[in-house]
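Written out below as structure tokens is the structure these notes cover.
Residue numbers (this note's numbering): 3 to 212.
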């Protein structure tokens, strides 16, 4: 059975459970909950290319912060559009100690709560580009697919099954699919790291004088 959308994922979970435990009949609503639990787990674990996003950020004069974009999980980089360079990332305490009470072009930032704070406090409207990792687009009846399901349907299958088996107290199958789930997560993370590296590194000889 091909898993290519929310409906086929739920059908696969239901069929799998019936094959392995004929006493474990779960409703479509319950399976939807298991998928949601899987997504919560993935949002804590996955920081891969499929979850990268970019958003324009514009500061407000005399305001030290801007709101983070919806779905924000982890920052990648923050650069001025007119002068590309990474600002320093500091802790909130360091930002206050170094730039408290100052205004001007921001030279550092921190993330606290649902906001990005700048130091010094911006004295004008500066436009920046924020690269970040975003949350998974949750599956539902009206949102049938997303990039994670398209590229890694087995993650969703084993992740949902793990929570389903725990719910019906089938620890043996829960452990088995949980091991598969963890192994796939590890392989996906490793593949993401490898995909960012060139296939072949060319070493250039260094010129020497004398």
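All C-beta atoms, glycine included, are put in the ideal place defined by N, C-alpha and C.
Residue environment: residue 8 is assigned as buried (16 or more neighbouring CB atoms within 10 Å of its CB, all protein chains considered). Where residue 186 is concerned, the enclosing alpha helix (DSSP H) starts and stops at 173-197. If you check the CB distance, residue 19 and residue 10 do not come in under 8 Å. Nearest to residue 133 by alpha-carbon distance, out of 50, 65, 37, is 50.
In this structure, residue 35 lies away from residue 137, with their beta-carbon atoms at least 8 Å apart. Excluding sequence positions up to five before and after residue 146, its CB lies within less than 8 Å of the CB of 7, 8, 9, all in the same chain and listed in chain order.
DSSP, reduced to helix, strand and coil, places residue 51 within a helical segment of the structure shown. When the Cα atoms are used, residue 66 and residue 55 turn out to be separated by approximately 23 Å. For residue 119, the uninterrupted beta strand (DSSP E) segment begins and ends at 117-121. With respect to the 8 Å criterion, residue 97 and residue 121 are classified as neighbours on the basis of their beta carbons. The beta-carbon distance between residue 118 and residue 62, rounded to whole angstroms, is 12 Å. This is too long to meet the 8 Å contact definition.
Annotated as distal: residue 64 and residue 129, with beta-carbon spacing of 8 Å or more. Following the DSSP letters along the chain, one finds residue 68 inside the beta strand (DSSP E) bounded by residues 67-69. Residue 154 sits buried, since 16 or more C-beta atoms from the chains shown fall within 10 Å of its C-beta.
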